[in-house]
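Letter by letter, the sequence shown follows residues 1 to 253 of UniProt numbering. Taking it in order: structure first as structure tokens, then the write-up.
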Amino acid sequence: MTMTIIKTEKLCKTFSSGGIQQHVLKNLDISLQEGDFTIIMGSSGSGKSTLLYAMSGMDKPTLGEIDFAGKNLSRLNNDQLAIFRRNNCGFVFQQIHLLDNMSVLDNVLASGLLGNKNRRQTIHKAKEMLMQVGIDEKAWSKFPTQLSGGEAQRVGIVRALINSPRILFADEPTGALNSASSDSVLDVLTDVNRKGQSIVMVTHDIKTAIRGNRILYLRDGVICGDLQLGGYSEQKNAERHEELKTFLAEMGW
């Protein structure tokens, strides 16, 4: 049986600017299952990234509860949230944020050694994971500026996964990549999900979204659509694409 890894109750997020309140998330009740590849879609300003940041503990909700694997994030202070994120969350963003003055391998190790003080063990795991995503040994000593966008993002994914997070959170991870690089990154994400990694990803791109097994559509801070696509199959790519296009049309995409 699958386990509920994140559950939100009456989740709200409000921002104030110039005395005007903007209600970005409105009483959201969401359950995410372990092992799922959940996609969050919606038009610009619908609250997609705000929801991802709230569920991951990067930002605190204004009201409501977030249960993440039995831990109530709403009751943790900033220091406790930082420790929780380090131990349970991995993050991949559109801007990759690798450290330019460190090699590929050292970028991964800088994160990995926060969770495992055994340097030899961490180095072995980092090299193994880099090989698995197609970053071979000759690239390990390169600096991020010497990599293609797709290569750098795959290194970013390894960095995010090195400490075996409960969930990998991704915000438009292919948004700045060309088609070939985007495909290589999506192949990595699909592969790690098939091995059991839970993923929550924000995207506006249909080709990216069909890699997920569940699509949540957000409009004006409210979930107004929930599509179950099932596990990704390249052979059924066209069918999934059409099913998602129909769903998005119904949502007013």
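We put the beta carbon where it would ideally sit given N, CA and C, even for glycine.
**OP:** Run the CB neighbour count on D171, radius 10 Å, all protein chains shown included, and call it buried at 16 or more, exposed below.
**Re:** Position 171 of the sequence shown, counting from 1, holds the residue named residue 171. So D171 ends up on the buried side.
**OP:** Given a cut-off of 8 Å, decide if R154 and G134 are closer than it, judged by their beta-carbon atoms.
**Re:** As a first step, residue 134 must be located in the sequence shown, where it is residue number 134. As a first step, residue 154 must be located in the sequence shown, where it is residue number 154. Cβ atoms of G134 and R154: closer than 8 Å.
Original post:
Over what stretch of residues does the alpha helix (DSSP H) that includes G115 continue unbroken?
Top reply: Locating residue 115 in the sequence shown gives position 115, counting from the first residue. Taken as a continuous stretch (DSSP letters only), the alpha helix (DSSP H) holding G115 covers 104-115.
**OP:** Would you grab the beta carbon distance between V185 and P173 for me? Rounded to a whole angstrom, and I think it's under 8 Å.
**Re:** Locating residue 185 in the sequence shown gives position 185, where the first residue counts as 1. Locating residue 173 in the sequence shown gives position 173, where the first residue counts as 1. With a Cβ gap of about 6 Å, V185 and P173 count as contacting.
Subject >> Enclosing alpha helix (DSSP H) for Y53 [first to last residue] >> reply: Numbered from 1 along the sequence shown, position 53 holds the residue referred to as residue 53. Here the alpha helix (DSSP H) through Y53 covers 48-55.
**OP:** Find the nearest neighbour of Q235 within the set R211, Y217, L98, judged by alpha-carbon distance.
**Re:** The residue you call residue 235 lines up with position 235 of the sequence shown. The shortest Cα separation from Q235 among R211, Y217, L98 belongs to R211.
**OP:** Quick one: measure Cβ to Cβ for I40 and L218, integer angstroms, because I've assumed they're closer than 8 Å.
**Re:** For the purposes of this step, residue 40 is identified with residue 40 of the sequence shown, where counting begins at 1. For the purposes of this step, residue 218 is identified with residue 218 of the sequence shown, where counting begins at 1. About 6 Å separates the two Cβ atoms, so the contact holds.
**OP:** Classify S43 as helix, strand or coil using the three-state DSSP reduction.
**Re:** Here the question's residue 43 lines up with position 43 in the sequence shown. Of the three classes helix, strand and coil, the one that applies to S43 here is coil, per DSSP.
Original post:
Leaving out the 5 sequence neighbours to the left and right, which residues in its chain are closer than 7 Å to M102 when beta-carbon positions are compared?
Top reply: For the purposes of this step, residue 102 is taken as the residue at position 102 of the sequence shown. Hits under 7 Å: A110.
Subject >> CB-CB length for G64 against K10, believed under 8 Å >> reply: Locating residue 64 in the sequence shown gives position 64, counting from the first residue. Locating residue 10 in the sequence shown gives position 10, counting from the first residue. Indeed they touch by this definition, with Cβ atoms about 4 Å apart.
Original post:
Who are the near neighbours of V108 in its chain, counting only those whose CB is closer than 6 Å to its CB and skipping five residues on each side?
Top reply: Within the sequence shown, numbered from 1, the residue matching residue 108 stands at position 108. Excluding residues within five positions, the ones whose Cβ falls inside 6 Å are A126, V158, R159, I162.
**OP:** Classify D79 as helix, strand or coil using the three-state DSSP reduction.
**Re:** By one-based count along the sequence shown, residue 79 stands at place 79. In this structure, D79 counts as helix in the three-state DSSP scheme.
**OP:** To the nearest angstrom, report how far apart G35 and T2 are at their CA atoms.
**Re:** For the purposes of this step, residue 35 is identified with residue 35 of the sequence shown, where counting begins at 1. For the purposes of this step, residue 2 is identified with residue 2 of the sequence shown, where counting begins at 1. Between G35 and T2, the C-alpha separation is close to 8 Å.
**OP:** Can you tell me which of the three DSSP states D183 falls into?
**Re:** As a working note, residue 183 is residue 183 in the sequence shown. Looking at D183 - three-state DSSP - the assignment turns out to be helix.
**OP:** Let me know if A82 comes out buried or exposed under the rule of 16 or more other beta-carbons within 10 Å of its beta-carbon.
**Re:** On the sequence shown, position 82 is the one that residue 82 refers to. The residue is exposed, with fewer than 16 neighbouring Cβ atoms inside 10 Å.
**OP:** Take D100 and list the residues in its own chain whose beta-carbon comes closer than 8 Å to its own, dropping the five residues that flank it on each side.
**Re:** As a position in the sequence shown, residue 100 is number 100, starting the count at 1. Counting only Cβ-Cβ distances below 8 Å, and skipping sequence neighbours, we find F143, P144, T145.
Subject >> Residue closest to N116, alpha-carbon to alpha-carbon, out of G252, L76, V200, S164 >> reply: Reading the sequence shown from its first residue, position 116 is the one you call residue 116. It is S164.
Original post:
Are at least three pairs of beta-carbons, each pair with one atom in the region 42-61 and one in the region 237-247, less than 8 Å apart?
Top reply: no
Original post:
Can you list the beta strand (DSSP E) stretches of 3 or more residues lying completely in the region 151-216, in chain order?
Top reply: 167-171, 198-202
Subject >> Nearest neighbour of L229, chosen from V222, D220, G221, T246 [CA to CA] >> reply: The count along the sequence shown starts at 1 and reaches residue 229 at position 229. Here the closest residue by C-alpha is T246.
Original post:
To which residues of the same chain is T203 closer than 7 Å at the C-beta, ignoring the five residues directly before and after it?
Top reply: What you label residue 203 is simply residue 203 of the sequence shown in a count that begins at 1. Excluding sequence neighbours, T203 sits near I39, M41, E172, A209.
Original post:
Where do the ends of the beta strand (DSSP E) carrying T145 lie?
Top reply: Here residue 145 corresponds to residue number 145 of the sequence shown, with the count starting at 1. Premise fails: T145 is in no beta strand (DSSP E) and is neither H nor E.
Subject >> Contact set for V24: own chain, Cβ-Cβ below 8 Å, skip 5 residues either direction >> reply: Position 24 of the sequence shown holds residue 24. Excluding residues within five positions, the ones whose Cβ falls inside 8 Å are K13, T14, F15, G47, T50, G221.
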